Amino acid sequence: DAMVIQNPRYQVTQFGKPVTLSCSQTLNHNVMYWYQQKSSQAPKLLFHYYDKDFNNEADTPDNFQSRRPNTSFCFLDIRSPGLGDAAMYLCATSRGVEGYEQYFGPGTRLTVT
Amino acid sequence: DAKTTQPNSMESNEEEPVHLPCNHSTISGTDYIHWYRQLPSQGPEYVIHGLTSNVNNRMASLAIAEDRKSSTLILHRATLRDAAVYYCILSRTSGTYKYIFGTGTRLKVLA
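The listed protein sequences correspond, in order, to chains B and G.
Residue 12 in this note's numbering sits at position 12 of the first sequence, and the numbers go up by one each step.
One gets this note's numbering by counting positions in the second sequence from 1 and adding 113 to each.
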């Protein structure tokens, strides 16, 4: 039944230790997005893939990378997490980018110690 | 950049209509207006979206001003399950893609 799945739901990593968050979808959507949501703030788009085309937001730090090996899966890699990267990371999908509904996963809460 | 402005919080009584406003004075001609809501510890959930005309679906109605510089999300009969943060978003696909969430309105529904 689940359409956008994020694993794990909770992730703890150490300062500077690379971490990967994963997202999968059963909707066969063309577009997959990664958002960062800090406490009491709105989600902020980091980047998105339209099929294999990667689109980075201008203000997304280089520390954040993404991979999309196939239609169903997308990964968020944080190369050297800092304390300021502790947040909820949300994955979303949509059929297209213009005027299409986005379907969000439940998020992965990242803690950096 | 496209930007939306929303009140921080609103209250409504259960079973009454709720009108959630959003200002987007910098909207451009091809920007879509989207509304999502987020319950605690969940990802955002789509509510409704539109371009120029008013829109209705089973969850809500979206009223868009004639000049498109503001819009209102209308929940026809608020229930306790509608308590959430409601985000108004502009999406822009001309030039660099933009999908910017507003700061959101926390809706409290009183029994």
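Ideal placement from N, C-alpha and C gives every residue a C-beta, glycine not left out.
Since this is a predicted model, take the numbers as computed values, not measurements.
Taking C-beta pairs closer than 9 Å, name the residues in chain G that L45 (chain B) reaches, listed in chain order. Within the first sequence, the letter at position 45 stands for residue 45 (chain B). Within chain G, the residues whose beta carbon sits less than 9 Å from that of L45 (chain B) are Y210, K211, Y212, I213, F214, listed in sequence order.
Length of the line joining the Cα atoms of V160 (chain G) and E179 (chain G): Within the second sequence, the letter at position 47 stands for residue 160 (chain G). Within the second sequence, the letter at position 66 stands for residue 179 (chain G). Between V160 (chain G) and E179 (chain G), the C-alpha separation is close to 21 Å.
DSSP on G99 (chain B), reduced to helix/strand/coil? Residue 99 (chain B) sits at position 99 when you count from the first residue of the first sequence. Under the three-state reduction of DSSP output, G99 (chain B) falls in the coil class, being neither helix nor strand.
Using alpha carbons as the reference points, say which of G:G215, G:S125, G:Y210 lies closest to A58 (chain B). One-based indexing of the first sequence puts residue 58 (chain B) at position 58. The shortest Cα separation from A58 (chain B) among G:G215, G:S125, G:Y210 belongs to G:Y210.
Exposed or buried, what is K48 (chain B) when buried is set at 16 or more other beta-carbons lying within 10 Å of its beta-carbon? On the first sequence, residue 48 (chain B) is found 48 positions in, with the first residue counted as 1. With the sequence shown as reference, residue 48 (chain B) is identified as His, and Lys is not the correct amino acid for it. H48 (chain B) should be labelled buried.
Please identify, using Cβ separations under 9 Å, the residues of the region 141 to 160 of chain G that lie next to chain B, in order along the chain. Taking 9 Å as the cut-off between beta carbons, the residues of the region 141 to 160 of chain G near chain B are T143, Y145, H147, Y149, Q151, S154, Q155, G156, P157, E158, Y159, in sequence order.
Within 9 Å, strictly: CB atoms of G99 (chain B) and L164 (chain G): Position 99 of the first sequence, counting from 1, holds the residue named residue 99 (chain B). Position 51 of the second sequence, counting from 1, holds the residue named residue 164 (chain G). Pairing G99 (chain B) with L164 (chain G) gives a Cβ-Cβ distance under 9 Å.
Taking only beta-carbon positions, decide if L133 (chain G) is within less than 9 Å of chain B. Against the second sequence, residue 133 (chain G) aligns to sequence position 20. Among the CB atoms of chain B, none fall inside 9 Å of the CB of L133 (chain G).
Amino acids of chain G, ordered along the chain, whose beta-carbon sits closer than 7 Å to that of L90 (chain B): By 1-based counting over the first sequence, the position of residue 90 (chain B) is 90. The CB of L90 (chain B) comes closer than 7 Å to the CB of G156 in chain G, given here in chain order.
Quick check on S183 (chain G): buried or exposed, where buried means 16 or more other Cβ atoms within 10 Å of its Cβ? Within the second sequence, residue 183 (chain G) is the residue found at index 70, counting from 1. Answer is buried; the Cβ neighbour count reaches 16.
Neighbour-count burial assignment, R67 (chain B), 16 or more Cβ in a 10 Å radius: To locate residue 67 (chain B), count along the first sequence from 1; it is residue 67. A residue is called buried once 16 or more other Cβ atoms fall within 10 Å of its Cβ, and R67 (chain B), having fewer, is exposed.
Between Y10 (chain B) and chain G, is any beta-carbon pair separated by less than 9 Å? Sequence index remark: in the first sequence, residue 10 (chain B) carries index 10 (1-based). Taking Cβ atoms only, chain G never reaches closer than 9 Å to Y10 (chain B), which makes this a no.
Can you name, in chain order, every residue of its own chain whose Cβ lies under 6 Å from the Cβ of L27 (chain B), other than the five neighbours on each side? On the first sequence, residue 27 (chain B) is found 27 positions in, with the first residue counted as 1. Excluding positions up to five away in sequence, the list reads M3, T93.
Which residue marks the beginning of the beta strand (DSSP E) containing R67 (chain B), and which one marks its end? The residue given as residue 67 (chain B) occupies position 67 in the first sequence. From DSSP, the beta strand (DSSP E) with R67 (chain B) extends over 64 to 67.
Please check the pair E127 (chain G) and A224 (chain G), which I expect to be a contact at CB under 8 Å, by giving their CB distance rounded to whole angstroms. Residue numbering aside, residue 127 (chain G) sits at position 14 when the second sequence is read from its first letter. Residue numbering aside, residue 224 (chain G) sits at position 111 when the second sequence is read from its first letter. Yes, they are in contact, since the Cβ atoms of E127 (chain G) and A224 (chain G) sit about 5 Å apart, within 8 Å.
Distance, Cα to Cα, Y33 (chain B) vs L46 (chain B)? Position 33 of the first sequence, counting from 1, holds the residue named residue 33 (chain B). Position 46 of the first sequence, counting from 1, holds the residue named residue 46 (chain B). Cα to Cα, the separation comes out at about 8 Å.
Please determine, among B:Q11, B:N30, B:N7, the residue with the shortest C-alpha to C-alpha distance to L110 (chain B). By one-based count along the first sequence, residue 110 (chain B) stands at place 110. The residue with the shortest Cα to Cα distance from L110 (chain B) is B:Q11.
So, does the CB of A42 (chain B) fall closer than 9 Å to a CB anywhere in chain G? The residue labelled residue 42 (chain B) in the question sits at position 42 within the first sequence. Using beta-carbon distances, A42 (chain B) counts as an interface residue toward chain G, with a partner under 9 Å.
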